[in-house]
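Take a look at the structure below.
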Amino acid sequence: MLDYEENYHTVFHDKVLNSEEHYLLRSKLSLKRYFQPEDIDKKILEFGVGTGYNSFLFHNKYGFDISKFALDFVKKKGFITYNNLDDIPENFFDIVLISHVLSNVTDPYQTLLRCRNYLVPGGKLILIIPYEHNKKVELKLSPSQHLFSWNFLTINNLLFSSGFNVIKNKKIFAAGYYKTSFLANINFKLWDFSVALVGFLSNKSELLIEAIKQG
Numbered sequence: 445m446l447d448y449e450e451n452y453h454t455v456f457h458d459k460v461l462n463s464e465e466h467y468l469l470r471s472k473l474s475l476k477r478y479f480q481p482e483d484i485d486k487k488i489l490e491f492g493v494g495t496g497y498n499s500f501l502f503h504n505k506y507g508f509d510i511s512k513f514a515l516d517f518v519k520k521k522g523f524i525t526y527n528n529l530d531d532i533p534e535n536f537f538d539i540v541l542i543s544h545v546l547s548n549v550t551d552p553y554q555t556l557l558r559c560r561n562y563l564v565p566g567g568k569l570i571l572i573i574p575y576e577h578n579k580k581v582e583l584k585l586s587p588s589q590h591l592f593s594w595n596f597l598t599i600n601n602l603l604f605s606s607g608f609n610v611i612k613n614k615k616i617f618a619a620g621y622y623k624t625s626f627l628a629n630i631n632f633k634l635w636d637f638s639v640a641l642v643g644f645l646s647n648k649s650e651l652l653i654e655a656i657k658q659g
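In this text, residue positions in the sequence shown follow our numbering: the first is 445, and each later residue adds one.
Right, dumping it as structure tokens:
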């Protein structure tokens with residue numbers, strides 16, 4: 445049984461849970477790396493909102509999660525929240541963000557179909573997925589609890605079959621967020637560059653895919 449309550453978030457998101465400074469830094473970096481400046485005024489649903497830093501700076505932000513801990517946390521950050529898929533309005537959101545979540549759901553295809561329904565016609569899906577490099581075989585449930593892994597070819601095929609037109613593929617190197625965060629006090633772009641450099645040197649990256657709702 446997969447568990448995404450407080451222990452999971454503490455393991456992966458301790459810094460953003462306990463430091464307003466780190467939370468805001470990650471929010472600013474997500475806004476720069478994943479979105480366009482004009483997106484900030486659009487209605488966004490973060491599907492699997494977690495701690496919410498990816499969409500925190502949006503003025504109209506909504507979040508769905510199965511974790512009560514996560515929803516309680518993001519409510520304090522100004523999110524409108526859902527814990528039931530059927531409560532999420534259809535044809536309502538300009539952007540749906542799924543960040544490091546699709547690898548953990550048991551049926552990615554159905555998840556994408558649902559998220560398509562939540563978007564307005566011509567709405568945009570922004571998908572961030574981890575790029576798996578680890579060749580070591582795990583004989584137990586890994587901390588990440590990932591169930592699926594993709595490359596651009598396979599995730600694009602899944603999106604096309606789910607009713608999306610893919611418009612962007614980008615590989616983003618990222619690691620060492622907090623060890624290098626002191627650089628943000630000197631220059632934010634320098635910190636952004638250092639995160640990318642550490643990611644490149646340590647071969648840690650994620651895939652960014654943008655897709656538009658068909659029809």
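Cβ atoms here follow ideal geometry from the backbone N, Cα and C, with glycine treated the same way.
The DSSP-derived three-state label of Ser547 is helix. Residue environment for Ile488: buried (at least 16 other C-beta atoms within 10 angstroms of its C-beta).
Within its own chain, the residues whose Cβ lies closer than 7 Å to the Cβ of Ile524, once the five positions on either side in sequence are excluded, are Tyr506, listed in chain order.
As for any alpha helix (DSSP H) of minimum length 4 sitting wholly inside the region 597-658, the runs are 632-646, ordered along the chain. For Lys512, the closest C-alpha among the options Ser499, Val493, His503 and Phe502 is that of Val493.
A contact between stretches requires three or more CB pairs, one per stretch, nearer than 8 Å, and the region 643-651 meets this requirement with the region 619-627.
One Cα belongs to His503, the other to Ile630, and the distance between them is close to 27 Å. Counting along the chain, the unbroken beta strand (DSSP E) around Phe491 starts and ends at Lys487 to Phe491. Under the three-state reduction of DSSP, Leu501 is assigned to coil, being neither helix nor strand. Scanning Ser593, Tyr497, Cys559 and Arg477 for the CA closest to the CA of Leu529 turns up Cys559. Ile611 and Asn600 have their C-alpha atoms roughly 10 Å apart. Listed as beta-bridge partners of Phe523 by DSSP are no residues whatsoever. For Leu557, the enclosing alpha helix (DSSP H) stretches over residues Pro552 to Tyr562. Looking at the DSSP output, Lys568 sits in a beta bridge with Ile539 and Ile656.
DSSP places Ser593 outside any alpha helix (DSSP H), giving it a letter other than H or E.
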